[in-house]
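A.B. asks: The structure's right below; bear with me while I get my questions together.
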Ligand SMILES: O=C(O)CCC(=O)C(=O)O
Ligand SMILES: [Fe+2]
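Residue numbers (this note's numbering): 13 to 200.
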């Protein structure tokens with residue numbers, strides 16, 4: 013489900029600024045094909061309580077407490093998606109060179125392949141690409157702009173991957189918030 017301009021331009025501009033200033037953005041190392049590399053973007057992670065950790069690419073994220081701007085966005089995304097969320101991964105693409113490679117968010121903690129993930133975008137528009145696993149020529153592109161909400165539902169994570177590719181011509185930053193419901197917390 014795609015809800016362009018779910019937040020007004022004025023509200024979105026204010027939220028982008030608050031997120032950029034108030035969130036503790038982290039540059040993190042992850043393991044990709046056996047090598048430790050810096051992630052090509054900044055990230056942050058928030059959730060209802062510290063037990064809702066999230067490990068991916070060999071990197072464990074311990075959640076921090078919710079920030080007011082993030083909670084306000086969470087309310088709107090919950091309303092639009094008809095779902096509730098207990099965690100959020102935040103991504104800050106500093107320029108068009110920051111990106112996210114094709115992946116699916118199908119980890120067991122979200123219930124495996126069946127889940128709802130709601131995302132909100134602020135700042136510069138970036139293309140969000142969905143690609144079907146069974147046919148890599150089958151792609152959908154969403155030009156996610158400031159204030160847009162996109163909801164991925166059902167078995168989508170089982171059958172499609174998604175990415176935010178590099179865009180050399182984009183100089184401004186973009187922040188995305190991806191809200192998730194952890195059903196099976198990781199045990200450590
Ligand atoms: O930035 C986006 O819109 C995508 C983020 C994403 O796929 C993720 O956080 O898993
Ligand atoms: Fe994702």
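Backbone N, C-alpha and C fix where the C-beta goes; we use that ideal spot for every residue, glycine too.
These numbers were taken from a predicted model, which means no experiment stands behind them.
1) Go through the stretch 70-128 residue by residue and report every complete run of the beta strand (DSSP E) that reaches 3 residues or more, in order.
2) Measuring CB to CB, does residue 134 end up less than 7 Å from residue 64?
3) Using only CA atoms, which one of 113, 197, 93, 86 lies nearest to residue 100?
4) Heavy atom of ligand 1 less than 6 Å from the Cβ of residue 140, yes or no?
5) Report whether the distance from the Cβ of residue 117 to the nearest heavy atom of ligand 4 is below 6 Å.
6) Tell me the DSSP secondary structure of residue 184 in three-state form.
7) Given the structure, does residue 176 come close to ligand 1, in the sense that its CB is under 6 Å from one of the ligand's heavy atoms?
8) Applying the criterion that 16 or more other CB atoms from any shown protein chain within 10 Å of the CB defines a buried residue, is residue 161 buried or exposed?
9) With which residues is residue 130 paired in a DSSP beta bridge?
10) If you draw a straight line from the alpha carbon of residue 167 to that of residue 36, how long is it in whole angstroms?
C.D. replies: The relevant details are as follows:
1) Entirely contained in the stretch 70-128, the beta strand (DSSP E) runs reaching 3 residues are, in chain order, 71-73, 99-105, 112-115.
2) Against a cut-off of 7 Å, the Cβ pair of residue 64 and residue 134 comes out as no contact.
3) Put simply, of 113, 197, 93, 86 the residue whose alpha carbon is nearest the alpha carbon of residue 100 is 86.
4) Yes - ligand 1 has a heavy atom lying nearer than 6 Å to the Cβ of residue 140.
5) Ligand 4 is not part of the structure shown, which contains ligand 1 and ligand 2 as its ligands.
6) Collapsing the DSSP output to three states places residue 184 in coil.
7) Closer than 6 Å to some heavy atom of ligand 1: that describes the Cβ of residue 176.
8) Around the Cβ of residue 161, a 10 Å sphere holds 16 or more other Cβ atoms; the residue is buried.
9) DSSP output for residue 130 lists 163, 191 as bridge partner(s).
10) Cα-Cα distance, rounded: 32 Å.
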